[in-house]
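Asks: Residue numbering for the sequence shown follows my numbering, starting at 2 and increasing by one per position. Glycine included, each C-beta is placed from N, C-alpha and C at the ideal position. Handing you this structure, nothing more for now.
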Amino acid sequence: MSDPCFARHPHTQSIFIANRDGSGLQQIVDVLALSPTWSPFGDELVYSQGTGDGTQIFKINLMTHDVTQLTHDGSNYAGDWFDPSALSVSPQPRLLTTTWGEIKTE
Numbered sequence: 002m003s004d005p006c007f008a009r010h011p012h013t014q015s016i017f018i019a020n021r022d023g024s025g026l027q028q029i030v031d032v033l034a035l036s037p038t039w040s041p042f043g044d045e046l047v048y049s050q051g052t053g054d055g056t057q058i059f060k061i062n063l064m065t066h067d068v069t070q071l072t073h074d075g076s077n078y079a080g081d082w083f084d085p086s087a088l089s090v091s092p093q094p095r096l097l098t099t100t101w102g103e104i105k106t107e
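Here you go:
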């Protein structure tokens with residue numbers, strides 16, 4: 002999707018999308034929300050939203066507007082998309098202090 006997404010105004014933040022020329026402004030989330038991130042295919046956003054238990058990460062489908070809460074415990078901010086098949090390194094079992102190791106060859 003080529004439309005930018007943005008969040009503005011602390012304490013009243015929400016998420017909107019618009020065309021590059023500013024037309025077509027659409028509010029996507031009608032609650033206090035921040036840190037939107039596009040999905041790789043541009044059909045969903047993940048974002049942070051305050052709940053009674055802290056800040057959690059949610060996902061919204063931009064076509065259906067279905068919302069899914071992805072985290073439930075602690076405080077979680079600034080979600081991102083991850084594809085394990087694209088991970089460029091393998092864990093290195095000889096070192097206990099790192100989660101990164103040698104570059105994958107396959």
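Got a sec? Which residues, its chain only, sit under 7 Å from Met64 by beta carbon, not counting five neighbours each side?
Replies: Closer than 7 Å at the Cβ level, and outside the excluded window around Met64, lie Asp44.
Asks: Are the beta-carbon atoms of Tyr78 and Ser49 separated by less than 8 Å?
Replies: Cβ atoms of Tyr78 and Ser49: closer than 8 Å.
Asks: For Thr69, which residues of its own chain have a beta-carbon under 6 Å away from its beta-carbon, when the five flanking residues on both sides are left out?
Replies: Closer than 6 Å at Cβ, skipping near neighbours: Lys60.
Asks: Nearest-angstrom Cα distance between Phe17 and Gln28?
Replies: One C-alpha to the other measures close to 4 Å.
Asks: Would you say Trp82 and Thr52 are within 8 Å of each other, going by their C-beta atoms?
Replies: No. Outside cutoff.
Asks: Could you say which of Ser76, Arg21, Asn20, Val30 lies nearest to Leu46 if we only look at CA atoms?
Replies: Of the listed residues, the one whose Cα sits closest to Leu46 is Val30.
Asks: Look at Leu26 and Ser15 and say whether their C-beta atoms are less than 8 Å apart.
Replies: Not closer than 8 Å, so no.
Asks: Roughly how many angstroms separate the alpha carbons of Leu35 and Gly80, rounded to a whole number?
Replies: For Leu35 and Gly80, the distance between alpha carbons rounds to 10 Å.
Asks: I need the straight-line Cα distance from Arg21 to Asp67, nearest angstrom please.
Replies: Approximately 25 Å between the Cα atoms of the pair.
Asks: What residues in its chain sit with their C-beta under 7 Å from that of Asn62, if we drop five residues either side in the sequence?
Replies: Excluding residues within five positions, the ones whose Cβ falls inside 7 Å are Asp44, Glu45.
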